[in-house]
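Notes to accompany the following structure.
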Amino acid sequence: MAKVKQVGLLAAGCQPWNKDVCAASGDRFAYCATLAIYIYQLDQQYNEFKLKSIMSEHKKTITSISWCPDNPDLFASASADNLLIVWNVAEQKAVARLDNTKGIPTSVSWCLNSADGLAFVSQRGPLYIWMYGGPDPGVTMHKEAHSFLSDICLFRWHPVKKGKLVFGHTDGSLSVFQPGSKSQKHVLRPESLEGTDEEDPVSALEWDLLSTDYLLVSNLHNGIRLVDSEALACITSFCFPSAAASVQCLAWVPSAPGMFITGDSQVGVLRVWNVSRSTPLDSFKLKKTGFHALHVLSSPLAKKAQSSCSPSKSQHTSSTSEAVPPPTLSQNRSFSLPPGHAVCCFMDGGVGLYDMGAKKWDFLRDLGHVETIFDCKFKPDDPNLLATASFDGTIKIWDTNTLTAVYTSPGNEGVVYSLSWAPGDLNCIAGATSRNGAFIWDVRKGKIITRFNEHGKNGIFCISWSHKDSKRIATCSGDGFCIIRTIDGKILHKYKHPAAVFGCDWSQNNKDMIATGCEDKNVRVYYLATSSDQPLKVFTGHLAKVFHVRWSPLREGILCSGSDDGTVRIWDYTQDACINVLSGHTAPVRGLMWNTEVPYLLISGSWDYTIRVWDTRDGTCLDSVYDHGADVYGLTCHQSRPFTMASCSRDSTVRLWSLTPLISPLLLNILTDQPWEKIIGNTDTAMVPGSPPLLCGKVSRDIKQDLDKLSVDIRAKKLRWFSECFSPPGGSGNLWDLVSVVNGQDDSLLPASYSKGVMHMKHLLKFKTSEAQELTIVKMSKFGGGIGAPSKEERLKEAADIHLRLGQIQRYCELMVELGQWEKALSVAPGVSMKYWKKLMQRRADQLMAEDNDDAIPYCIATGDIKKLVTFFTGRGQLLEALIVAQGACEGNIRAPQSSAVNHTTNDVENKQQYQSLLQKVCKELAESYFQDGCSVLAACCHLAVDNVELAMSSLIRGNELEMAACVGLVLGEPANQSTAYCLELLARKYMSTPTWELSIELLQMIPENHILLAKLCAFYPGSAAEINELHQKCGLPTLEDCKSLAEEAKRNGDLFSAVKFHLLSPEPENALQIGINHVKEQLTGSDWTVDSVVSILDLMSYIRTERLIMSKLTETRSELLILCGYIGGLLAIRRQYSSIVPALYEYTSQLLKRREVCVPLQIEQLSVELDAWRACTQSNSNCPPSESQRDEFSCLERRIQPTDSDTLVLCGADYVTGSNLPSHSDVQLSCFTGHRIQGPVFLLEDGKSAISLNDALMWAKVNPFSPLGTGIRINPF
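Just so you know, we're using our numbering here: the sequence shown kicks off at 18 and counts up by one.
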């Protein structure tokens, strides 16, 4: 099982170099970074686009992608290594490859007249057609499209007229071909170019969908023309408002004939045109940077008409339905934007989906790197900020909680190879480039404040700012020098090497010591306190160039180096020796990182696409991670969150990983209150080979010191501080803040970051009101507000929105008036009072004009129609908005206006209850949306925000965040007791193996009623008789022999359960099976049995020692036990709504019944009847409703699975672990349950081949402990 968990991904941006780099089809759109294609798909339930997969087979720049017009699952891509690939998106795999395309394909497109034909062309042609499917795949040449006089920029097939085709050239001309007509080469150049040899490349070409001959063409400098390809004449030339505007891209709008949109190449202005007018109808500035590509989605997105849970459809029409009469528009608004969605790609790599009708972004991924990311580092004083340096010439800073970019460097630096933060809170980053020397960027001021040019034009591969002496910066370069200088540029040392120097690292213990890695295969250590420029030590041993070097933060004098020979070597400076060689990578090693808490953990990244985790005590590789699709360059972690690692790669993504599973017993030692020496140690103890992990770094020592100062609340603080230190970003801090709020802690102790996350309901209004006031007061702050800081108008607008959602209508009206939006102010003014409304009417007696559908909101608030508003928001997937409104209603801030002064108190109480349940419902929906996004911790936050402790715990357990759930549960105390016990039980199951049996016992001993649980553990323990007896004693159980006689006695007294229990604990545990299985069979032959009447005895029997169960003399008994556990497991899965594994459990039981000689009261036919009934009654299929007999069958099933204990229902709902929705590049594993590719983490079964998803494995283990392979081995995916 993988020990390193992927917990976050920062997607790349869209490359600005080639033309056809974004495409869309149906509910998907795709864009290309330089080496990978990102595919987003609409999640119907939450109405938002989610990253579905990343395709990264291309090794060189992708030049073009094209979606298949007939099959929405297929698209093709071409790249600079003469490669063409046809992809199937649904199966996430390449369907066909063409390896040698005779020249780099600049443009690729599907032949519209044949489904399997793909056309591609390189610079001057010819046009080739590749029939990749069909009986005889092969490449043919187009008869006429060849021997052009100018390079081809792009080409387009006519969508309707078969075989008609146009090419656009770099000299500005077009070439048109159609079957049966004379071909026209190099015609229709812009008039101003005629007779000159100036180039003006065609930047966009699109056929008019409504005619066979018209064509929109844009040239980079000569603007846009509508031309007639038959008459070879220009029909219209379109004029831009300013001569400076130039166009990069254009697209027809399918929903509005004759309309098209263009994107300016200097500034992100979207212009709307109609072919009947030569000037634009409208223009919107969407972004500061220019457009690179545009694509309009042809099918409108299916918006959810209304929240799926509302039963009657007729109560209200949805906001977007046709029933609303269109507003009467003033003259210039009569060309309003047509409905439709445009995929917009910008020159800075930004990608978004713009809803033209509503004039808002449905999705905006602002600023991604578009090329290889060479380095990444956390900010020394803030574990939430991560800086990355890229081939695209920029350094970007990301917030790891929200995974968004917050700052970007000015850019144009060539290639940025390396970066280093200034120590502490100086807010500066030093960067090293390929040609322009090194620089210091002041992040807050947003500008470069210093440059260093001592290496001339030579590439600088590494830059390192000393953290012991903040005045010193080291760089190493291809010129063979490692230069140490002060930040004001004074050179202190110039260390000459015999060849290029690639890496350097300051010692963590001695401020005057630095190590370097050189092309001559050697590692050198220099001492700055001497005047000599000779190294103090030279380490030889690598067989190829050395790249990075890293000093151990915890062990003095130890450093590691990574080399192109594929190994990592560990050197001991004090012994002058190489003390270990870590081999396993199959390509050069780049990223290197020591863990800052566990001294033996070292992590490396390589060009073989993997990240490996090493135990340097004996050189074993603890885990290999294959999820990056290309070379791994940088690895980093923050010392206050030592088990969260970031990595960056040539696939232009940054990924976040949790290393906590590598040291998993540690957190449990804290949880079970073990002595400190089992948690914190010194490096010598920790370095003993084979000993369990210990924390030896600064963070753990600081926590211990802080705990030693406390006199109260020590346990809670200990659990919280360690849990936060072990947990990745993404809500753990937020969760602990809510735990302390629920436990009644003083609000003044909450951190500043609390108001940015999910807040407790009692704070929501308080914080939002103050945020609104701040927005009103704050003009622009001194430094601007990071990327795209809002203007004063935007701030006032935002403030107004918050006041409105809080029910403070008068403030909203006043702010709207200040912004000049009188209509909005007037329409809600009666919500304050009729008098106030009349006053406003006199100030501006103007007619109300309906503008955008969002104007439904003020009406609802003013009239107190909360339900409609919440449904409106949830219907659009805006659950956070719904939440705030529902809370406002609960606190009585939003009411219907009263026309007369009648007593309304009784009514108010009823309303309040109604609003409370509404609030709970909205919170549940919001939690579920986070949960489905793989964020179980944030889902738990939503439940805690409305004091729903049980559901919060359930979210954590379903997300398999068991350690965190146990810590939180223990701190919450009484309300979480039941969930905490279940959680501790699952954790104990996780550790029921050598060498952690003791830990399992400690966990079970924390559960109040633990007698049976301890008996199960002892029954399962494999050891000699003496060891087993010793364990029995620890758990307070009688010896093996005593258990035997107790079993006989219990059997005589008719106490079946105890008889089975004691037999399992006796020297011959197999005797238990016969008694237990006969009892279960007897129950099942009756007609009124329930799951609860047999499940506890089956679960008890499943703990029989594995080596006993798999003895050949027990074959029949074993088969019967597996069949019964499988069948009852299927019923439990139905009860718990684990719908993805119900069919698998039924199939498993049927297969066992078919293959084995058994005698159980179950028929294969009956099983398939039950399964069909379950499918018919639960999986909504309106075409064929369930039959009468299926309904009866299902109600019988429901009666059987009805729990006797109501609390068990809290754990309903499928499991979904963090990272389940992140695209991985691991070897594609197909699930042996479904045959489909597994998305997210994989669980390998005991044969080492069969795989199921980790989510399915967790659910399976919770309802049936035996492996799906039918071997009788218990599975342990926890």
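Note that the Cβ used here is the ideal one computed from N, Cα and C, for glycine as well.
Worksheet item: Taking Val758 as the reference, which of Ala491, Thr1132, Ala962 has the closest Cα?
Response: The count along the sequence shown starts at 1 and reaches residue 758 at position 741. Among Ala491, Thr1132, Ala962, the Cα nearest to that of Val758 belongs to Ala962.
Discussion item. Considering only their Cβ atoms, is the gap separating Ile1018 from Leu1057 smaller than 9 Å?
Written reply: On the sequence shown, residue 1057 is found 1040 positions in, with the first residue counted as 1. On the sequence shown, residue 1018 is found 1001 positions in, with the first residue counted as 1. Contact flag unset, no.
Worksheet entry | Range of the contiguous alpha helix (DSSP H) that encloses Cys1299 | Absent from the model: residue 1299. The displayed extent of the chain is 18 to 1295, so no value can be given.
Worksheet entry | According to DSSP, residues forming a beta bridge with Cys479 | Mapped onto the sequence shown, residue 479 falls at position 462. Cys493, per the DSSP bridge assignment.
Worksheet item: Span of the alpha helix (DSSP H) holding Cys1213?
Response: If you number the sequence shown from 1, residue 1213 lands on position 1196. Residues 1205-1218.
Item to complete: Tell me, please, which residues DSSP counts as bridged to Asn526.
Response: By one-based count along the sequence shown, residue 526 stands at place 509. DSSP lists no partner for Asn526.
Discussion item. Classify Pro154: buried if its beta carbon has 16 or more other beta carbons within 10 angstroms, exposed otherwise.
Written reply: Indexing the sequence shown from 1 puts residue 154 at position 137. Exposed, since its Cβ has fewer than 16 Cβ neighbours within 10 Å.
Practice prompt. Report the rounded CA-to-CA distance for Tyr48 versus Val177, giving the unit in angstroms.
Written response: Translated into positions along the sequence shown, residue 48 becomes position 31. Translated into positions along the sequence shown, residue 177 becomes position 160. Distance between the alpha carbons of Tyr48 and Val177 is about 26 Å.
Discussion item. For Cys1201, report the span of its alpha helix (DSSP H) as first-last.
Written reply: Counting from 1 along the sequence shown, the entry for residue 1201 is found at position 1184. Per DSSP, Cys1201 belongs to no alpha helix (DSSP H) and is neither H nor E.
Discussion item. I want to check one thing, is the minimum distance from the CB of Leu968 to the heavy atoms of the ligand SAM below 8 Å?
Written reply: Absence of the ligand SAM is noted for the structure shown, with no ligands found whatsoever.
Practice prompt. Sort Asp754, Trp224, Leu249, Ile1121 by Cα distance to Gln201 and report the nearest one.
Written response: For the purposes of this step, residue 201 is taken as the residue at position 184 of the sequence shown. For the residues Asp754, Trp224, Leu249, Ile1121, the minimum Cα distance to Gln201 belongs to Leu249.
Discussion item. By alpha-carbon positions, which one of Ala1150, Leu1247, Arg1122 ends up nearest to Ala1278?
Written reply: Counting from 1 along the sequence shown, the entry for residue 1278 is found at position 1261. Out of Ala1150, Leu1247, Arg1122, Ala1150 has the C-alpha closest to the C-alpha of Ala1278.
Worksheet item: Which residue's Cα is closest to the Cα of Arg461: Thr467, Asn444, Gly448, Glu471?
Response: Residue 461 sits at position 444 when you count from the first residue of the sequence shown. Comparing Cα-Cα distances from Arg461 to each of Thr467, Asn444, Gly448, Glu471, the minimum goes to Asn444.
Worksheet entry | Candidates Gly1146, Ala982, Glu942, of which the one nearest Leu896 by Cα | Position 879 of the sequence shown, counting from 1, holds the residue named residue 896. The candidate whose alpha carbon is nearest that of Leu896 is Glu942.
Worksheet item: In the DSSP assignment, what residue or residues form a beta bridge with Lys938?
Response: By one-based count along the sequence shown, residue 938 stands at place 921. Note: Lys938 sits in no beta bridge, so no partner.
Discussion item. Could you give the first and the last residue of the continuous alpha helix (DSSP H) run that contains Ser1113?
Written reply: Translated into the one-based positions of the sequence shown, residue 1113 becomes position 1096. Where Ser1113 is concerned, the enclosing alpha helix (DSSP H) stretches over 1108-1118.
Fill in: Segment limits, alpha helix (DSSP H) that includes Gln904
As a working note, residue 904 is residue 887 in the sequence shown. If you look at Gln904, you'll find it in the alpha helix (DSSP H) that goes 896-907.
Discussion item. Taking the beta carbon of Ser244 as the centre, do at least 16 other beta carbons fall within 10 Å, making it buried, or is it exposed?
Written reply: Within the sequence shown, the letter at position 227 stands for residue 244. For the sequence presented, residue 244 should be read as Val rather than Ser. Per the 10 Å Cβ criterion, buried.
Worksheet item: When the distance is taken between beta carbons, is Gly558 closer than 9 Å to Gly579?
Response: Mapped onto the sequence shown, residue 579 falls at position 562. Mapped onto the sequence shown, residue 558 falls at position 541. In this structure, Gly558 does not lie closer than 9 Å to Gly579 by Cβ.
Worksheet item: Between the C-alpha atoms of Phe739 and Phe92, what's the straight-line distance to the nearest angstrom?
Response: In the sequence shown, residue 739 corresponds to position 722, counting from 1. In the sequence shown, residue 92 corresponds to position 75, counting from 1. In a straight line, the C-alpha of Phe739 is about 48 Å away from that of Phe92.
Practice prompt. Determine, using beta carbons only, whether Asn1293 and Met1009 come nearer to each other than 9 Å.
Written response: Taking the sequence shown and counting its residues from 1, one reaches residue 1293 at position 1276. Taking the sequence shown and counting its residues from 1, one reaches residue 1009 at position 992. Closer than 9 Å, so yes.
Practice prompt. With distances taken Cα to Cα, identify the nearest neighbour of Trp290 among Ser282, Lys305, Ala310, Pro258.
Written response: Position 273 of the sequence shown, counted from the start, is the residue given in the question as residue 290. For the residues Ser282, Lys305, Ala310, Pro258, the minimum Cα distance to Trp290 belongs to Pro258.
Worksheet item: Any idea if Cys959 is buried or exposed, counting beta-carbon neighbours within 10 angstroms, 16 or more meaning buried?
Response: On the sequence shown, residue 959 is found 942 positions in, with the first residue counted as 1. It is buried - the Cβ of Cys959 has at least 16 other Cβ atoms within 10 Å.
Item to complete: Give the secondary structure of Gln58 by DSSP, where H, G and I count as helix, E and B as strand, and everything else as coil.
Response: Against the sequence shown, residue 58 aligns to sequence position 41. Gln58: strand per DSSP, three-state reduction.
Worksheet item: Is the Cβ-Cβ distance between Leu129 and Phe184 less than 9 Å?
Response: Position 112 of the sequence shown, counted from the first residue, corresponds to residue 129. Position 167 of the sequence shown, counted from the first residue, corresponds to residue 184. Not in contact: Leu129 and Phe184 (Cβ atoms no closer than 9 Å).
Fill in: Distance CB(Arg567)-CB(Val555) smaller than 9 Å
Here residue 567 is taken as the residue at index 550 of the sequence shown, counted from 1. Here residue 555 is taken as the residue at index 538 of the sequence shown, counted from 1. Contact: no.
Discussion item. Can you find the residues in the same chain that come closer than 7 Å, C-beta to C-beta, to Gly1143, ignoring five residues on each side of it along the sequence?
Written reply: Indexing the sequence shown from 1 puts residue 1143 at position 1126. Excluding five sequence positions before and after Gly1143, the CB atoms of its chain that fall closer than 7 Å to its own CB belong to Leu1162, Tyr1165, Thr1166, Leu1169, Asn1281, given in chain order.
Discussion item. In the DSSP output, which residue or residues are listed as bridge partners for Thr1134?
Written reply: One-based indexing of the sequence shown puts residue 1134 at position 1117. None; Thr1134 has no bridge partner.
Practice prompt. Check the C-beta distance from Arg672 over to Gly25 and give it rounded, since I have them as a contact under 8 Å.
Written response: Within the sequence shown, residue 672 is the residue found at index 655, counting from 1. Within the sequence shown, residue 25 is the residue found at index 8, counting from 1. Contact between Arg672 and Gly25 holds, with the beta-carbon distance rounding to 7 Å and staying under 8 Å.
Worksheet item: At what residues does the alpha helix (DSSP H) containing Gly750 begin and finish?
Response: Walking along the sequence shown from the start, residue 750 turns up at place 733. Run containing Gly750: 749-759, per the alpha helix (DSSP H) assignment.
Worksheet item: Is Val954 closer than 9 Å to Pro992 when the C-beta atoms are compared?
Response: Reading the sequence shown from its first residue, position 975 is the one you call residue 992. Reading the sequence shown from its first residue, position 937 is the one you call residue 954. No, the Cβ-Cβ distance between Pro992 and Val954 is not below 9 Å.
Worksheet item: Is Val112 near Asp37, with beta carbons less than 9 Å apart?
Response: Position 95 of the sequence shown, counted from the start, is the residue given in the question as residue 112. Position 20 of the sequence shown, counted from the start, is the residue given in the question as residue 37. No. Outside cutoff.
Worksheet item: Alpha carbon to alpha carbon, what distance is there between His1096 and Pro1203?
Response: Taking the first residue of the sequence shown as position 1, residue 1203 is located at position 1186. Taking the first residue of the sequence shown as position 1, residue 1096 is located at position 1079. Looking at the two C-alpha atoms, the distance is approximately 34 Å.
Worksheet item: Given 8 Å as the limit, is there contact between the region 90-107 and the region 163-171, that is, 3 or more CB pairs closer than that?
Response: no
Fill in: Complete runs of the beta strand (DSSP E) confined to the region 383-416 [at least 3 residues]
390-396, 399-407, 412-416
Fill in: Straight-line Cα distance separating Thr1107 from Ile390
Sequence index remark: in the sequence shown, residue 390 carries index 373 (1-based). Sequence index remark: in the sequence shown, residue 1107 carries index 1090 (1-based). Looking at the two C-alpha atoms, the distance is approximately 58 Å.
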